[in-house]
Structures are given as structure tokens and as C-alpha cells.
Amino acid sequence: METTPTPPSTAMQYYDEKIDIYFNNVRRDLIAQLPKQPQQRILEVGSGGGDTLVAIKKEGLATEVVGVELFDMPGTNQQNPAIDQFFIRNIETDMPALPLNYFDVVLCGDVLEHLVDPWKTVRQLTAFLKSGGIIILSCPNIREISTWRKIFLQGDFGYTTSGILDKTHLRFFCRKNLEALGTTDELQPIRSMANYTLTPRRQSLRPFHFGLLDEFLAPQYMVISRKR
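Counting in my numbering, the sequence shown runs without a single skipped number right up to 255 at its last residue.
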């Protein structure tokens, strides 16, 4: 595992407030979107404690998994031998020199909203993908109704320690914006979807509105784009 200096304490303090589950959990929502092809190489950016990569490897969904995470987390799956490589890096200032045109899948779950220039990062990550490979993006949905109500009816854009208005979020996206982020000269979106993983009760209402209210009820959106 490679390491670089951690971010300044002024930037770290907000992440220190996060509960363990923020970094240590298996992203089943991302795993569900993986191609069912065991002979594939997967890169995950924002890997947290490495739980998702370990699950992918142990479930036979990849032959090689590589993770990149901002923070070193001793005692987590970052050191698990199931992970082939794990980098502790700030991807905006020190992107690992990974092989180009190499990975079948890049996972980028709830990372881009924390970046100064997510558009540049998506371009960089695309370079690591094979032609025909996919990148899976997920971000909070700023158009979600409780956030909308707080901002427009209560006049309050107060930041919180978690959720859509998390104080570590630098960028905000609606579905259209996330789709645009996954659309470049090299990337073509093949699917976008509301992600109700965090709000299963709202998911149960979906059959009644046929998905027409997704943009107001879903706390997250996911976009899958394929490299041309």
C-alpha cells in the first residue's frame, strides 16, 4: 500500500466527525451494477476501508481489484490481501500512475461531490478504462424534496455532518448534471437511475408514481457510462 501525507488538519476536521459506517460498509448498490463477468479488473476510487473491494473479490466478480482512498485507516480492509493494490492518495493532486486502458470497471461512489474539479477527475479516470469498459458514478441529489424544502421554504442552506448538505461537499448535482458529468468525447451514458438505498420506504412508493417523482424523492442518482 502506498501512502502520501494526509490533508491539512483544517480539511481533516470535518471528516473526523464521520461515523465509521461512512467509510466502512459494502456498497451493494454499486456491486449490483457490475457486469457478471468474473474475468475483469476493477478500480474503486473512494474505497474507504476497502470493504466493497473485498466483497467483489470474494464473490468472484473480479480477478483484480485496486483501491484509492484519501485516508489511511489502520485495522480496516485496506490491508486485506484480497485487494491487489491500495493507494492512499488525494486524487486531485496525486492521482496514482495506474496503467492506461486497463480496467474493465471504475467505481466512483459518492466521491465527485467532494472534489474541486470533478470534471477533470472523470477524464483522468476514463483514461484507465479499456475501450468498452464502464464507469459507475453516484452522487447525492440536490433536488431531493427535503433538501428543496429546507432551502426554498425555510431559507436555510445550513450544512450538516452527513447527507446531501454534508459540509465536506464542494459540488452539488441533479440527475441532469450527473449525466452530463458522465458524457464526454470518450464516455457515453448507457443508464441513469434513482438510488433509494438510503431510503427504502420511498422506494416502496415507486410503483405508485412510475418513477415520475424520482428526481424529488431519490437521495442519490447513479450514472453508468461506457468508454467508446
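Just so it is clear, CB atoms sit at the ideal spot from N, CA and C, and this is done for glycine as well. Computed from a predicted structure; not experimentally measured.
Buried or exposed (CB count within 10 angstroms, at least 16 for buried), residue 217
Indexing the sequence shown from 1 puts residue 217 at position 190. Residue 217 comes out exposed.
On the DSSP bridge assignment, give the partners of residue 95 in chain order.
The sequence position of residue 95 within the sequence shown is 68, counting from 1. Under DSSP, residue 95 forms a beta bridge with 72, 114.
Determine whether the Cβ of residue 134 lies closer than 8 angstroms to any Cβ atom of chain E.
Here chain E cannot be found, since the structure has a single protein chain.
Considering only the alpha carbon of each residue, which of 67, 97, 95 lies closest to residue 4?
No information on residue 4 is available, as it lies outside the stretch 28 to 255 that the chain covers here.
Using a Cβ-Cβ cutoff of less than 6 angstroms, which residues in the same chain neighbour residue 249 once the five nearest sequence positions on both sides are dropped?
On the sequence shown, position 222 is the one that residue 249 refers to. Hits under 6 angstroms: 165, 220, 222.
Comparing alpha-carbon positions, which option in 131, 117, 65 lies nearest residue 145?
On the sequence shown, residue 145 is found 118 positions in, with the first residue counted as 1. Checking every option, the nearest Cα to that of residue 145 belongs to 117.
Does the distance from the CB of residue 119 to the CB of residue 153 come in under 8 angstroms?
By one-based count along the sequence shown, residue 119 stands at place 92. By one-based count along the sequence shown, residue 153 stands at place 126. Cβ distance not < 8 angstroms, so residue 119 and residue 153 don't count as in contact.
Going along the chain, which residues of its own chain have a beta-carbon closer than 7 angstroms to the beta-carbon of residue 177, five neighbours each way excluded?
Numbered from its first residue, the sequence shown carries residue 177 at position 150. Counting only Cβ-Cβ distances below 7 angstroms, and skipping sequence neighbours, we find 183.
So, under 8 angstroms CB-CB, residue 110 and residue 77 are touching, yes? Tell me the CB distance rounded to an integer number of Å.
By 1-based counting over the sequence shown, the position of residue 110 is 83. By 1-based counting over the sequence shown, the position of residue 77 is 50. Indeed, because the Cβ distance is near 6 angstroms, the residues count as touching under 8 angstroms.
Using CA coordinates, which residue listed in 243, 163, 204 is at the minimum distance from residue 72?
Taking the first residue of the sequence shown as position 1, residue 72 is located at position 45. The shortest Cα separation from residue 72 among 243, 163, 204 belongs to 163.
contact_flag[the segment 98 to 106, the segment 120 to 130] where n(CB pairs < 8 angstroms) is 3 or more:
No, the segment 98 to 106 is not in contact with the segment 120 to 130.
What residue range does the beta strand (DSSP E) around residue 157 cover?
In the sequence shown, the residue the question calls residue 157 occupies position 130. It spans 156 to 167 - the beta strand (DSSP E) in which residue 157 sits, taken as one unbroken run.
By Cβ distance below 8 angstroms, which residues in the same chain neighbour residue 214 in space, the five residues on each side in sequence not counted?
Working through the sequence shown from its first residue, we reach residue 214 at position 187. Within the same chain, residue 214 has close Cβ partners 149, 153, 162, 252, 253, 254, 255.
Where does residue 241 fall in DSSP's three states?
Mapped onto the sequence shown, residue 241 falls at position 214. Correct three-state label for residue 241: helix.
Own chain residues within Cβ distance below 6 angstroms of residue 199, not counting five before or after:
Sequence index remark: in the sequence shown, residue 199 carries index 172 (1-based). 169.
Between the alpha carbons of residue 113 and residue 203, how many angstroms are there, rounded?
Translated into positions along the sequence shown, residue 113 becomes position 86. Translated into positions along the sequence shown, residue 203 becomes position 176. If you draw a straight line from the Cα of residue 113 to the Cα of residue 203, it comes to about 32 angstroms.
So residue 79 and residue 53 are in contact, right, with Cβ under 8 angstroms, and what is the actual spacing, rounded?
Within the sequence shown, residue 79 is the residue found at index 52, counting from 1. Within the sequence shown, residue 53 is the residue found at index 26, counting from 1. The beta carbons of residue 79 and residue 53 sit about 5 angstroms from each other, so the pair counts as a contact at 8 angstroms.
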